[in-house]
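Data block below; observations after.
Numbering (the numbering used here), first residue to last: 2 to 64.
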């Protein structure tokens with residue numbers, strides 16, 4: 002499993018556990034991607050390095 006797949010699995014797990022993704026969506030730079038979740042006045046920032054290669058960047062889209 003590569004880093005991007007791991008990131009997506011973590012996002013799914015947070016959503017299943019009742020965390021809500023902020024409406025700002027995902028923000029990504031050349032080698033990392035991240036988003037925020039909130040629940041009961043708590044915030045989690047999920048961010049992961051994805052290694053900026055062509056295939057990984059093609060799979061990303063701005064929200």
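Using N, Cα and C, we set each Cβ at its ideal position, and we do this for glycine too.
Give me the Cβ distance between residue 49 and residue 7, rounded to the nearest whole Å; I'm assuming they're in contact under 8 Å. The count along the chain shown starts at 1 and reaches residue 49 at position 48. The count along the chain shown starts at 1 and reaches residue 7 at position 6. With a Cβ gap of about 7 Å, residue 49 and residue 7 count as contacting.
Going along the chain, which residues of its own chain have a beta-carbon closer than 7 Å to the beta-carbon of residue 21, five neighbours each way excluded? As a position in the chain shown, residue 21 is number 20, starting the count at 1. Within the same chain, residue 21 has close Cβ partners 38, 39 and 40.
Inter-residue spacing [alpha-carbon to alpha-carbon] between residue 14 and residue 33: Within the chain shown, residue 14 is the residue found at index 13, counting from 1. Within the chain shown, residue 33 is the residue found at index 32, counting from 1. Between residue 14 and residue 33, the C-alpha separation is close to 19 Å.
For residue 47, which residues does DSSP report across the bridge? Along the chain shown, read from residue 1 onward, the residue named residue 47 stands at position 46. In the DSSP output, where bridge partners are listed per residue, residue 47 has 36.
Rounded separation between residue 9 and residue 42 - CA only: As a working note, residue 9 is residue 8 in the chain shown. As a working note, residue 42 is residue 41 in the chain shown. About 23 Å.
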